[in-house]
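Residue numbering for the sequence shown is -22 to -1, 1 to 374, as defined by mature numbering (1 follows the signal peptide of the UniProt record, and there is no 0).
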Amino acid sequence: MKTLKSIFLALLLGLLSGCAKQQNDNPSPRGVRGSLLEVSTGQSLTKTQVVANVSEFSIQDVALYDVTYYVLTYQTEYKGQPIATRGLLMLPNGVPAPRLLAYFHGTQPTISIVDKTTIPSHYKGEAKDFYEVRAMALTWASAGYAVFLPDYIGYGSTTDQEHPYMCFGEMFKSNVDGLLAAKAFLTSKGYPADKRLLLTGWSQGGGAMLSAHRFLQEQYADDFTVLASSGLAGPYHFSEYVDYVLRQRTQHQPVVLITSWSLYALNRFTGLKRPTDQIWSYPVYDQISAALPPSTVPDQIFNHRFLAGLLEGSDQAFSQILQANSFHENWRPVGKVFLHHGDADDVVPYFNSLDAYTGLKARGADVKLYTYPGGKHDTEVSKFVLTTLSDFNQLL
């Protein structure tokens, strides 16, 4: 298994390279946010191919339909300016009214974007790589759901832009616009209009999922009704996650790479925009230098005054940004929330889901926590996928 630093190196080398433009048909004029701009020609997989493609665990009993998938190009917003981005939509063949389900992917793991083997819109029916596309989206689509997977800004067709990593408010803009475009595409294909929506995500995508649940019900209630959300190992209590890493300031922590990149994004994509030498003790010029620090010891890479301000609570401006990026409490979800987490997770600690369960429950939420004893960050995917499917099926 690759180290976390080698994973980030492969990822960020890919960010430097860019990706070739994909051929699409059905162009339409640029328009407002959420406008569908282009749709690729649909490609199909038989049920037998779907089952074979999800080789990490058996979906024989839940795969019911052949699947057709499309790449959607749509209009969104990035740093206040219009931009086009992409996502992948998978449809079950022969289902007259499939429920729309969004899957938000995690920090891309072991394969570089150079090889185009992780980003949803690059998927072309492969039986290897594209782990999240295959394990999550193909499974749920073949089980009868219309599954939409946004690339995120900074990936796929927008690799020339920096990704708002863990900055959930900024991420939401392109994610909700993708859902609006997917909904418009379904209507254009003759599917009945339906506001009901299901949300899912893993790791970073878990945070995107729970934040989207809140933002959708507060800002897009006329467009969507969230029936349920289900997340695996998301950083829901983000402020505590950062504090947890920085408190261990003299210890080697591979996850400091995540912390450093996320702090860079929050500084850049919010109103803070501080000079980087006020946050780091080494030169940081962009997301690559932030995500690949020269040490995994917080004390050796962060400005000591910055560390003290966060840990002592005197840096109120940055602390408020971290708290606003946390979604574990102080709101009441409409619809159900399912949280999945291994209690031995050393990438996104278990307290994130436990705190979300406690905090949302205190507000009267319908929330269920699945705890996997001894489970690590990437060992409980099959349980998450199949249990989420079972939970969602009961809502139909």
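From the three backbone atoms N, C-alpha and C, an ideal C-beta is built for every residue, glycine too.
- Runs of beta strand (DSSP E) with 3 or more residues, each lying fully within the region 187 to 253, are found at 203 to 210, listed in chain order.
- Taking the Cα positions, Leu289 is about 31 Å away from Ile131.
- Its chain contains Pro142, Phe247 as the residues whose beta carbon lies nearer than 6 Å to that of Glu148, once the 5 sequence neighbours on both sides are disregarded; these appear in chain order.
- Per the coordinates, the alpha-carbon of Lys57 lies some 31 Å from the alpha-carbon of Asp107.
- Rounded to the nearest angstrom, the gap between the Cα atoms of Arg341 and Ser33 is 40 Å.
- Taking C-alpha positions only, Ala171 is separated from Gly313 by approximately 19 Å.
- The alpha carbon of Tyr43 has as its nearest neighbour, out of Ile279, Phe296, Gly72, Phe316, the alpha carbon of Gly72.
- Assignment of beta strand (DSSP E) within the region 131 to 193, counting only whole runs of 3 or more residues, yields 174 to 180 in chain order.
- In the three-state scheme derived from DSSP, where H, G and I count as helix and E and B as strand, Arg64 is classed as strand.
- The beta carbon of Gln38 sits closer than 7 Å to the beta carbons of Val29 from its chain, once the five residues preceding and following it are set aside; these are given in chain order.
- Counting along the chain, the unbroken beta strand (DSSP E) around His318 starts and ends at 314 to 320.
- Taking all protein chains shown into account, Asn308 has fewer than 16 neighbouring C-beta atoms within 10 Å of its C-beta and is therefore exposed.
- Under the DSSP definition of a beta bridge, Ala80 partners with Phe126, Leu177.
- Annotated as proximal: Pro98 and Leu127, with beta-carbon spacing under 8 Å.
- Comparing alpha-carbon positions, the option among Val49, Tyr48, Thr63 lying closest to Glu55 turns out to be Thr63.
- Look at the beta carbons and you see the region 156 to 173 not touching the region 276 to 292: under three pairs across the two are nearer than 8 Å.
- With contacts defined as CB atoms closer than 8 Å, Phe362 and Leu175 fail to qualify as a contacting pair.
- Distances from the CA of Asp138 to each of Gln229, Leu14, Ile61, Ser259 were compared; the closest alpha carbon is that of Ile61.
- Looking at the DSSP output, Phe280 sits in a beta bridge with Trp258.
- In the displayed model, Ser331 falls within a helix according to three-state DSSP.
- DSSP places Ser292 in the coil class of the three-state scheme, outside both helix and strand.
- Contact between Gly12 and Tyr52 holds, since their C-beta atoms are separated by about 7 Å, short of 8 Å.
- If you ignore the 5 residues before and after Asn153, its C-beta comes within less than 8 Å of the C-beta of Ala80, Phe82, Pro128, Tyr130, Ala186, Ala190, all in its own chain and listed in chain order.
- For Pro70, DSSP records a beta bridge to Val45.
- Assignment of beta-bridge partners to Val40 by DSSP yields no partner.
- Glu358 has its alpha-carbon roughly 33 Å from the corresponding atom of Asp201.
- Looking at the DSSP output, Asp369 bridges to nothing.
- The alpha-carbon of His318 is positioned some 28 Å away from that of Gln229.
- Separation of the CB atoms of Met144 and Phe216 is rounded to 7 Å, and the pair is thereby assigned contact status at 8 Å.
- Between the alpha carbons of Ala286 and Ser292 lies a distance of about 8 Å.
- Here Gln27 carries a helix assignment [DSSP, helix/strand/coil].
- DSSP, reduced to helix, strand and coil, places Leu270 outside both helices and strands of the structure shown, so it counts as coil.
- If you ignore the 5 residues before and after Ser208, its C-beta comes within less than 6 Å of the C-beta of Thr178, Phe316, Thr366, all in its own chain and listed in chain order.
- For Ala41, the CB contacts under 6 Å within the same chain, skipping 5 residues up- and downstream, are Lys25, Val28, Val29, Ser120 in chain order.
- Under the three-state reduction of DSSP, Thr85 is assigned to coil, being neither helix nor strand.
- In the three-state DSSP reduction, Tyr350 falls in the strand class (E or B).
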